[in-house]
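Every position in the sequence shown, counted from 1, becomes a number in this note's numbering once 8 is added. Note that the Cβ used here is the ideal one computed from N, Cα and C, for glycine as well. Since the structure is predicted, the reported quantities are computational estimates derived from the model, not experimental observations. Below: the structure, in structure tokens.
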Amino acid sequence: MAQQEDVFKKIVSHCKEYGFVFPSSEIYDGLGAVYDYGQMGVELKNNIKSYWWQSMVLLHDNIVGIDSAIFMHPTIWKASGHVDAFNDPLIDNRDSKKRYRADVLIEDQLAKYDEKIEKEVAKARKRFGDSFDEAQYRATSKNVLEHQAKRDALHERYAAAMNANDLNELKQIILDEGIVCPISGTRNWTDVRQFNLMFSTEMGSTADANMKVYLRPETAQGIFVNYLNVQKTGRMKIPFGIAQIGKAFRNEIVARQFIFRMREFEQMEMQFFVRPGSELEWFPKWKQTRMQWHQALGFGAENYRFHDHDKLAHYANAATDIEFLMPFGFKEVEGIHSRTNFDLSQHEKYSGKSIKYFDPELNESYTPYVIETSIGVDRMFLSVMCASYKEEALEGGETRVVLALPPALAPVKLAILPLVRKDGLPEKAREIFNELKFHFNCQYDEKDSIGKRYRRQDAIGTPYCITVDHDTLEDNCVTLRNRDTMEQERVPVAELDHLLADKVSLTSLLKKLK
Ligand code: GAP
Numbered sequence: 009m010a011q012q013e014d015v016f017k018k019i020v021s022h023c024k025e026y027g028f029v030f031p032s033s034e035i036y037d038g039l040g041a042v043y044d045y046g047q048m049g050v051e052l053k054n055n056i057k058s059y060w061w062q063s064m065v066l067l068h069d070n071i072v073g074i075d076s077a078i079f080m081h082p083t084i085w086k087a088s089g090h091v092d093a094f095n096d097p098l099i100d101n102r103d104s105k106k107r108y109r110a111d112v113l114i115e116d117q118l119a120k121y122d123e124k125i126e127k128e129v130a131k132a133r134k135r136f137g138d139s140f141d142e143a144q145y146r147a148t149s150k151n152v153l154e155h156q157a158k159r160d161a162l163h164e165r166y167a168a169a170m171n172a173n174d175l176n177e178l179k180q181i182i183l184d185e186g187i188v189c190p191i192s193g194t195r196n197w198t199d200v201r202q203f204n205l206m207f208s209t210e211m212g213s214t215a216d217a218n219m220k221v222y223l224r225p226e227t228a229q230g231i232f233v234n235y236l237n238v239q240k241t242g243r244m245k246i247p248f249g250i251a252q253i254g255k256a257f258r259n260e261i262v263a264r265q266f267i268f269r270m271r272e273f274e275q276m277e278m279q280f281f282v283r284p285g286s287e288l289e290w291f292p293k294w295k296q297t298r299m300q301w302h303q304a305l306g307f308g309a310e311n312y313r314f315h316d317h318d319k320l321a322h323y324a325n326a327a328t329d330i331e332f333l334m335p336f337g338f339k340e341v342e343g344i345h346s347r348t349n350f351d352l353s354q355h356e357k358y359s360g361k362s363i364k365y366f367d368p369e370l371n372e373s374y375t376p377y378v379i380e381t382s383i384g385v386d387r388m389f390l391s392v393m394c395a396s397y398k399e400e401a402l403e404g405g406e407t408r409v410v411l412a413l414p415p416a417l418a419p420v421k422l423a424i425l426p427l428v429r430k431d432g433l434p435e436k437a438r439e440i441f442n443e444l445k446f447h448f449n450c451q452y453d454e455k456d457s458i459g460k461r462y463r464r465q466d467a468i469g470t471p472y473c474i475t476v477d478h479d480t481l482e483d484n485c486v487t488l489r490n491r492d493t494m495e496q497e498r499v500p501v502a503e504l505d506h507l508l509a510d511k512v513s514l515t516s517l518l519k520k521l522k
């Protein structure tokens with residue numbers, strides 16, 4: 009575990025050192041849970057967004073995109089339930105003056121029981137060696153059973169309190185479990201209160217005519233309130249989908265794990281409108297489609313899993329998360345939800361306008377049901393960084409840090425390096441750069457030894473480097489180096505475009521999606 013924490017720290021500092029992610033407002037000591045993307049980060053982020061957008065909008069002839077505004081009429085958030093119910097239960101420690109999410113404190117406590125169980129099992133595995141029967145040990149060990157019983161009882165009590173929205177019970181659980189503040193070490197807790205996660209501001213120029221507006225906490229509502237505009241103007245027939253990428257804002261109480269939980273972040277959401285009653289046929293199809301999108305990146309199927317929700321929001325009739333194995337455990341990257349007709353019905357009710365769809369095949373009007381796929385760009389970015397960051401031991405005792413990004417996502421596709429900074433090699437390299445820059449994101453670099461330059465490109469994940477040497481001036485060939493194998497081959501300059509296009513383009517990645 010400690011080793012994994014170390015890896016995560018290294019990834020965070022790598023992100024900063026190589027221009028992927030910077031803390032926001034750093035020269036003013038930063039702003040909690042807000043981050044900026046640097047020169048490399050923005051390219052990687054844009055590539056992730058293109059991969060998603062193209063897989064949705066280009067590969068499905070019944071999905072189109074929109075870009076709705078961040079500000080929306082405040083009644084939208086009343087209708088969607090966010091004004092009344094988009095809350096986290098928070099608790100303060102009176103001694104440290106620190107604020108926590110009560111549910112997170114209890115979930116951390118559950119994780120502690122899990123850790124205790126795993127420690128017991130690891131100790132026994134060491135003790136018994138090859139003859140160790142793990143299943144039998146888990147079923148019979150007194151210590152394991154004791155921890156498991158405590159965990160189960162806590163889980164049951166916690167789930168009941170959350171379902172009943174019982175804030176007093178949440179506090180009582182924290183007291184009964186003896187949970188202390190990690191800063192002060194005391195149990196001097198306030199009562200638990202609900203805290204709404206939406207940011208608000210005022211729209212208008214005079215004090216009395218101002219209207220309270222919210223920064224959207226999800227992009228989905230911009231799709232719901234536009235679905236009929238799109239359906240009519242695009243002559244869409246059910247089933248059809250609307251995709252959107254955009255910023256969302258949540259005043260997260262506990263913001264941790266770098267860009268995993270941010271206050272300003274980006275979502276890629278798609279709402280798929282279907283006939284009532286067919287939603288549970290579409291739900292598994294979208295689960296499979298989305299899992300395939302993740303796995304096509306080649307990070308290994310074992311690093312993903314579904315986490316089906318047992319506790320469903322009142323408007324959902326199925327929900328699952330796609331989780332990815334981060335250095336801090338399996339974590340949600342994407343949610344897939346069968347949201348029934350809840351949102352559209354609520355907007356009909358609150359706006360007083362009919363937003364029913366007329367189905368020409370059935371010759372009837374109805375409020376469509378919706379399957380939603382919702383993924384955070386920043387979480388996806390983090391999962392890509394975690395999966396790609398590698399420290400490799402080389403022959404001769406040297407190590408190299410390499411970002412083994414899928415080539416289609418890499419910020420820079422090709423580095424063009426003159427072997428030396430003289431004899432006409434920079435001019436020749438510039439000439440090649442000026443030709444290839446129309447095809448790929450290329451970088452020209454002539455500073456430092458060739459070895460150092462390769463390492464710099466490895467660290468930002470550039471899949472290919474070419475070296476321009478003295479022979480290039482004679483035979484118009486260059487040395488092409490592969491980032492992952494470090495193998496080199498001699499290729500004609502005229503063939504570079506053709507040779508690399510297939511390897512680094514999004515098209516080759518998209519073609520893996522059937
Ligand atoms: N429209 C549905 C919706 O917003 P969600 O599960 O609250 O569902 C969807 O969010 C995705 O958005 C999550 O799976 C996650 O990837 C991302 N996300 C949510 N809150 C986030 C935060 N504070 N920081 C970064 N990403 C976040």
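I'd like the span of the beta strand (DSSP E) that includes residue i, first residue to last.
i: Ile246; result: Note, Ile246: premise wrong, no beta strand (DSSP E); not H, not E.
i: Pro426; result: 422-426
i: Ser382; result: 377-384
i: Asp398; result: The question names Asp, yet the displayed sequence has Lys at residue 398. Element bounds for Lys398: 397-401.
i: Pro419; result: Per DSSP, Pro419 belongs to no beta strand (DSSP E) and is neither H nor E.
i: Leu178; result: Not the beta strand (DSSP E): Leu178 falls in the alpha helix (DSSP H), residues 175-184.
i: Thr407; result: 407-411
i: Thr348; result: Looking at the DSSP string, Thr348 is not in any beta strand (DSSP E), and its letter there is neither H nor E.
Residue i by DSSP, collapsed to three states: which one?
i: Ala228; result: helix
i: Arg146; result: helix
i: Asp37; result: coil
i: Ile253; result: strand
i: Met48; result: helix
i: Tyr222; result: strand
i: Ala157; result: helix
i: Phe273; result: strand
i: Gly343; result: strand
i: Tyr235; result: helix
i: Leu98; result: strand
i: Ser373; result: strand
i: Arg73; result: Before going further, note that residue 73 is Gly rather than Arg in the sequence given. Three-state result, Gly73: strand.
i: His315; result: strand
i: Asn171; result: helix
i: Cys23; result: helix
i: Pro500; result: strand
i: Pro434; result: helix
Within 10 angstroms of the Cβ of residue i, are there 16 or more other Cβ atoms? Answer buried if so, exposed if not.
i: Asn171; result: exposed
i: Thr241; result: exposed
i: Thr209; result: exposed
i: Glu342; result: buried
i: Asp453; result: buried
i: Gly459; result: exposed
i: Val420; result: buried
i: Gln229; result: buried
i: Met388; result: buried
i: Ala41; result: buried
i: Ala423; result: buried
i: Asn490; result: exposed
i: Val428; result: exposed
i: Ile35; result: exposed
i: Pro292; result: exposed
i: His478; result: exposed
i: Leu425; result: buried
Within the continuous alpha helix (DSSP H) that includes residue i, where are the two ends?
i: Gln265; result: From DSSP, Gln265 is part of no alpha helix (DSSP H); its letter is neither H nor E.
i: Lys4; result: The structure shown does not extend to residue 4, since the chain is modelled only from 9 through 522, so no value can be given for it.
i: Tyr323; result: First-last for Tyr323: undefined, no H or E at that position.
i: Thr515; result: 514-518
i: His90; result: 90-93
i: Leu521; result: Looking at the DSSP string, Leu521 is not in any alpha helix (DSSP H), and its letter there is neither H nor E.
Return yes when the C-beta of residue i is under 7 Å from any heavy atom of ligand 2, and no when it is not.
i: Gln202; result: Absence of ligand 2 from the depicted structure is noted, with ligand 1 being the only ligands included.
With 8 Å as the threshold, decide whether the Cβ of residue i is near any Cβ in chain C.
i: Glu435; result: Reference to chain C is not applicable here, since this structure consists of a single protein chain.
Can you find at least 3 beta carbon pairs, one from the stretch 247-257 and one from the stretch 96-115, that sit closer than 8 Å?
no
Is it a yes or a no for the stretch 87-105 touching the stretch 329-342, going by three-plus beta-carbon pairs under 8 Å?
no
Would you be able to state if there are at least three C-beta pairs under 8 Å between the stretch 498-507 and the stretch 281-296?
no
Entirely enclosed alpha helix (DSSP H) segments - the stretch 441-483, minimum 4 residues:
458-468, 478-483
Tell me, please, whether the stretch 214-224 touches the stretch 179-189 by the rule of three or more beta-carbon pairs shorter than 8 Å.
no
Is it true that the stretch 112-129 meets the stretch 146-158, where meeting means three or more beta-carbon pairs spaced less than 8 Å apart?
yes
With contact counted as at least three CB pairs below 8 Å, one residue from each stretch, are the stretch 297-316 and the stretch 399-409 in contact?
no
For the pair the stretch 266-273 and the stretch 298-306, tell me if three or more CB-CB distances fall below 8 Å.
no
Touching or not, the stretch 258-265 and the stretch 366-378, by the rule of three or more beta carbon pairs under 8 Å?
no
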